[in-house]
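Under our numbering, the first residue of the sequence shown is numbered 903, with each subsequent residue one higher.
Note that the Cβ used here is the ideal one computed from N, Cα and C, for glycine as well.
Nothing here was measured: the structure is a model prediction, and the numbers come from that model.
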Amino acid sequence: MDVILTRKNLLVRDNFECQYCGSKKTPLTMDHVKPKNHGGKDTWENLVAACQPCNRKKGNRTPEEARMPLKKMPRKPNKIHYFQQFISDHQGAWKPYLFMEAF
903 MDVILTRKNL
913 LVRDNFECQY
923 CGSKKTPLTM
933 DHVKPKNHGG
943 KDTWENLVAA
953 CQPCNRKKGN
963 RTPEEARMPL
973 KKMPRKPNKI
983 HYFQQFISDH
993 QGAWKPYLFM
1003 EAF
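1. Leaving out five residues on either side along the sequence, give the residues of the same chain with a beta carbon under 8 angstroms from the beta carbon of A952.
2. Hey, how far is the Cα of I906 from the Cα of P979?
3. Going by the beta-carbon positions, is the gap between K936 and N917 smaller than 8 angstroms?
4. Give the range of the beta strand (DSSP E) segment to which L930 is assigned.
5. What are the boundary residues of the alpha helix (DSSP H) that C956 is part of?
6. Report the option in E967, R977, M903 whose CA atom is closest to the CA atom of W946.
7. Can you tell me whether R915 is buried or exposed, with buried defined as 16 or more other CB within 10 angstroms of its CB?
8. Where do the ends of the alpha helix (DSSP H) carrying E967 lie?
9. Looking at the unbroken alpha helix (DSSP H) that takes in N911, where does it start and where does it end?
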């Protein structure tokens, strides 16, 4: 089973951080790396979290055209990342039962 592409899951993948400037200010938007009007799709590899100022500044350009390099290249996440995020969000309660002492 794959991780479903949703706004929340995208923000978790990107650690609730703008992938252009690193800001954790909210609200964060979903930005198409390759804009839709350039043929960009709604995929894990083409979407990143972006703060509103960076999203506006980039506009309908690629990061290269806008001279706004990404902090990291977007990729499809694996389930382990989300499981670890769940465990860290619910510290204590589940840990003793999940043999996660190594994490």
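Quick look at the numbers:
1. Here residue 952 is taken as the residue at index 50 of the sequence shown, counted from 1. Within the same chain, A952 has close Cβ partners C920, Q921, Y922, L930, T931, M932, D933, K960.
2. Against the sequence shown, residue 906 aligns to sequence position 4. Against the sequence shown, residue 979 aligns to sequence position 77. For I906 and P979, the gap between their C-alpha atoms comes out near 10 angstroms.
3. Locating residue 936 in the sequence shown gives position 34, where the first residue counts as 1. Locating residue 917 in the sequence shown gives position 15, where the first residue counts as 1. Contact flag unset, no.
4. Within the sequence shown, residue 930 is the residue found at index 28, counting from 1. 930-934 is the extent of the beta strand (DSSP E) around L930.
5. Residue 956 sits at position 54 when you count from the first residue of the sequence shown. In the DSSP assignment, C956 falls within the alpha helix (DSSP H) that extends over 954-960.
6. Reading the sequence shown from its first residue, position 44 is the one you call residue 946. Of the candidates E967, R977, M903, the one whose C-alpha sits nearest the C-alpha of W946 is R977.
7. Here the question's residue 915 lines up with position 13 in the sequence shown. Burial call: buried.
8. Residue numbering aside, residue 967 sits at position 65 when the sequence shown is read from its first letter. Boundaries of the alpha helix (DSSP H) around E967: 965-968.
9. Within the sequence shown, residue 911 is the residue found at index 9, counting from 1. Counting along the chain, the alpha helix (DSSP H) containing N911 begins and ends at 909-915.
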